[in-house]
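*Asks:* The structure follows.
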Amino acid sequence: MQKLIELITLEVQAAFKSAGFDESAGKVNVSNRPDLCEYQCNGAMALAKQLKTAPIQIANAVVEKLSGNATFSKVEAVMPGFINLNLSEEFLADYVRKMASSPKFGMEEPAKPLKIVIDYGGPNVAKALHVGHLRPAVVGEAVKRICKYNGHDIIGDVHLGDWGLPMGLVIYELQTRKPDLPYFDDNFTGDYPKEPPFTVGDLEEMYPTASKKSKEDADYKAKAMEATVKLQSGVRGYRALWDHIINVSVNDMKRIYDKLDVNFDLWNGESSVHEVIPGMVQYLKDGGYAYLSEGALVVDVKEETDTKEVPPCIILKSDGASLYNTTDCATIMERTKEYDPDMMIYVTDKRQDLYFEQVFRCAHKTGLSKPATKLCHIGLGTMNGKDGKPFKTRDGGVMRLEYLLRDVCDEMYKKIKENKEISDEEAENTAKIVGLSALKYGDLSNQPAKDYIFDMERFTSFEGNTGPYILYTIVRIKSILEKYKAEGGTIDYSKIHTPASKSEKDLMNAITFFGPSVENAYNELAPNRVCAFIYDLANALNSFYHETKILTETDADKKAGYIALIDLTRRMLETCIDMLGFSAPERM
Ligand code: ARG
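As numbered in the working numbering, residues 24 to 611 make up the sequence shown, in order.
In structure tokens form, the structure reads like this:
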């Protein structure tokens, strides 16, 4: 469907033209004074400057041409030369009716779908997922789904931290505890046990223990580094142990990501590019891009227009070891080969902004990625506690992601039980669904780069700009629809009628912002755009609901029109929350 704003603009442009003016002045915007009008055109002002006349004269002439135009119910010139516009009820209803029966509510498919790779989540194996992993997972998942809905072809990769010193630390710590395991016996040639020699709980305890020891004991650290080198150079027993570490750790991660409804297409990691690093290094040397600086191999990435210092991208440390940059550059090279993407998106904490700037410049400069490939970093703000500092447990520790989600769901359970008679089992299931919405919406409704405060009371409230409020609205609609269907009613979008009240018109106007909002969310990689849209839509629906007798309406056609309109609203809300990565229960 043609965009609403374009349709309106065409009308106003034609009016400028027929009044004898340049039609390009007829661009229409959504009103920034919704108390005065729905849309506005400010073109007369700029034009008046050019023509050295009073803007109000131009505006008046244009308004005259628009009088009687079926698109508008009100066209007004106001000082100093604004043109205020309201849509006609018939035109609006007609547009909404068409949206209701069009795929994707009338949104156009992109001329050419882009191939996109999104790198998000980024957990390190052998460590429990904690609150720091919330935003990369939740924002990444939403961005992925938003890109998909906009018609693009997107692949999500978790990009595990699975290759560096942490692996050596765990392996060496295990060796000190169980030196007799066959993995450490160089002469062992048999098959290694299928069962891992540790549980996920062991792993989560071993890693911090080892990490602490290595900071206090140089010999311990040297041994752990040795283990890392042995692993990376392919020593059989070490690889077998590493496989166990990955399996145990990834299984546990999947369990928690499942609870968050976060799903990856690829479970690749830093290790996945290990084999191609030597070739990449050679390529960078041969191309004259990389040179030795204080023993390290680096690529210069500063640019003349830089206002801050951008240090070189280090490809290899002076001892020849690879590092975070190395695996990221090699991953860009591999993704280019395998998918030839139009865009790669990275979702991490914003403290990695400069790091990604370096890596992206390096990739473009050296041809590891194609010049046309857009490389984007979504740098995330921090989730803080009420004290404005990064969120901690009550005793000051790092909160596990799993426990955070559990606490939110527990709080939701309490509220649901307080609200109404409901079995424990149903309350528990509902609390899981609503709790997830509270946590995710609380995060996604903020701009990705902004810090925000985790506020349990506010996030789990059924009122205000929250996930539970959105779900409550959906459930409210569902319950009306159910009653209507029980009376034998059916949903028929052709029944959507000319709005009979201000609140009905407001609801229709809100509905028309679906496409622009979802498109903006994609263009800006900003899920908060979708949140803002559904919050407005839910508010419009609730005002309409409070002012309108829907089920008791005696005029059957009118009633069918109301029902069609609220069902359209429900579908839109559900489509949007699916984009955000959560769902609604049947009742709550
Ligand atoms: N594992 C990294 C960390 O904990 C995040 C990985 C982000 N993705 C990437 N391609 N570098 O900081």
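Just so it is clear, CB atoms sit at the ideal spot from N, CA and C, and this is done for glycine as well.
How many whole angstroms separate the CB atoms of Gly678 and Met435, which I take to be in contact at a CB cut-off of 8 Å?
*Replies:* The requested residue 678 does not occur in the structure, where the chain is confined to residues 24 to 611.
*Asks:* In the structure shown, what three-state DSSP assignment does Lys88 receive?
*Replies:* Three-state DSSP puts Lys88 in a helix.
*Asks:* Using only the alpha-carbon positions, how far apart do Asp578 and Gly511 sit?
*Replies:* 15 Å
*Asks:* Return the residue from the list Val296, Ile338, Lys282 and Gly408 that minimises the CA-CA distance to Gly429.
*Replies:* Note that residue 429 is Arg in the sequence shown, not Gly. The option with the nearest alpha carbon to Arg429 is Lys282.
*Asks:* Let me make sure I understand the geometry here. Which of Ala313, Ala454, Leu564 and Pro231 has the alpha-carbon closest to that of Thr592?
*Replies:* Leu564
*Asks:* Going by DSSP, what residue range makes up the alpha helix (DSSP H) through Asn565?
*Replies:* Asn551 to Glu570
*Asks:* Could you check how far apart the C-beta atoms of Gly404 and Tyr475 are, in whole angstroms? I think they sit under 8 Å.
*Replies:* With 8 Å as the limit, Gly404 and Tyr475 qualify as a contact, their Cβ atoms being about 7 Å apart.
*Asks:* Return yes when the C-beta of Asp180 is under 6 Å from any heavy atom of the ligand ARG, and no when it is not.
*Replies:* no
*Asks:* Spell out the partners DSSP gives Ser316 in its beta bridges.
*Replies:* Ala319
*Asks:* Measuring only from the beta carbon, is Asn147 closer than 6 Å to any heavy atom that is part of the ligand ARG?
*Replies:* yes
*Asks:* Tell me where the beta strand (DSSP E) around Glu99 begins and ends.
*Replies:* For Glu99, the enclosing beta strand (DSSP E) has its first and last residue at Phe95 to Val101.
*Asks:* Name the DSSP beta bridge partners of Arg481, please?
*Replies:* Under DSSP, no beta-bridge partner is assigned to Arg481.
*Asks:* Relative to the alpha-carbon of Ala526, which residue among Arg499, Val85, Asn551 and Asn562 has its alpha-carbon at the smallest distance?
*Replies:* As written in the sequence, residue 526 is Ser, which differs from the Ala given in the question. Closest option to Ser526, Cα to Cα, is Asn562.
*Asks:* Considering Cα atoms alone, identify which of Met229, Lys473 and Phe482 is closest to Arg374.
*Replies:* Lys473
*Asks:* Whose C-alpha, out of Glu112, Asn291, His267 and Ala245, is nearest the C-alpha of Gly145?
*Replies:* Asn291
*Asks:* According to DSSP, simplified to helix, strand and coil, what is Gln73?
*Replies:* helix
*Asks:* Start and end of the alpha helix (DSSP H) containing Cys170?
*Replies:* Leu157 to Tyr172
*Asks:* For the ligand GDP, any of its heavy atoms closer than 6 Å to the Cβ of Gly191?
*Replies:* Absence of the ligand GDP from the depicted structure is noted, with the ligand ARG being the only ligands included.
*Asks:* My parser needs the alpha helix (DSSP H) runs of 4 or more residues fully inside the stretch 458-543; what are they?
*Replies:* 479-482, 490-509 and 525-534
*Asks:* Are at least three pairs of beta-carbons, each pair with one atom in the stretch 122-142 and one in the stretch 66-84, less than 8 Å apart?
*Replies:* Contact check between the stretch 122-142 and the stretch 66-84: fewer than three CB pairs, one atom from each, fall below 8 Å, which does not count as touching.
*Asks:* Quick one: any contact between the stretch 101-113 and the stretch 150-157, if contact means 3 or more CB pairs under 8 Å?
*Replies:* No contact exists between the stretch 101-113 and the stretch 150-157.
*Asks:* Which residue's Cα is closest to the Cα of Ile497: Thr199, Met611, Gln63 and Val53?
*Replies:* Met611
*Asks:* Report the residue from Lys167, Val296 and Glu451 whose alpha carbon sits nearest the alpha carbon of Ser183.
*Replies:* For the record, residue 183 in the displayed sequence is Leu; it is not Ser. Comparing Cα positions, the closest option is Val296.
*Asks:* Closer than 6 Å to a non-hydrogen atom of the ligand ARG - does that hold for the CB of Gly184?
*Replies:* At least one heavy atom of the ligand ARG falls within 6 Å of the beta-carbon of Gly184.
*Asks:* DSSP three-state label for His400, please.
*Replies:* DSSP places His400 in strand when its eight states are reduced to three.
*Asks:* Based on Cα-Cα distance, which residue from Ser341, Met366 and Ala454 lies nearest to Asp142?
*Replies:* Met366
*Asks:* Could you say which of Phe287, Leu315 and Glu357 lies nearest to Val299 if we only look at CA atoms?
*Replies:* Glu357
*Asks:* Measuring CB to CB, does Glu293 end up less than 7 Å from Asp185?
*Replies:* yes
*Asks:* Is it true that the CB of Ile28 sits closer than 7 Å to the CB of Cys64?
*Replies:* No, the Cβ-Cβ distance between Cys64 and Ile28 is not below 7 Å.
*Asks:* Identify the continuous beta strand (DSSP E) that holds Cys60 and give its terminal residues.
*Replies:* In the DSSP assignment, Cys60 falls outside any beta strand (DSSP E) and carries neither an H nor an E.
*Asks:* Are the CB atoms of Ile514 and Ala450 within a distance shorter than 7 Å?
*Replies:* no
*Asks:* Using only the heavy atoms of the ligand ARG, determine whether one of them is closer than 6 Å to the beta carbon of Asp142.
*Replies:* yes
*Asks:* Cα separation between Asp117 and Asn83?
*Replies:* 28 Å
*Asks:* Where does Met611 fall in DSSP's three states?
*Replies:* coil
*Asks:* For Asp351, is the beta carbon positioned less than 6 Å from some heavy atom of the ligand ARG?
*Replies:* yes
*Asks:* In whole angstroms, give me the CA-to-CA distance for Gly465 and Val162.
*Replies:* 11 Å
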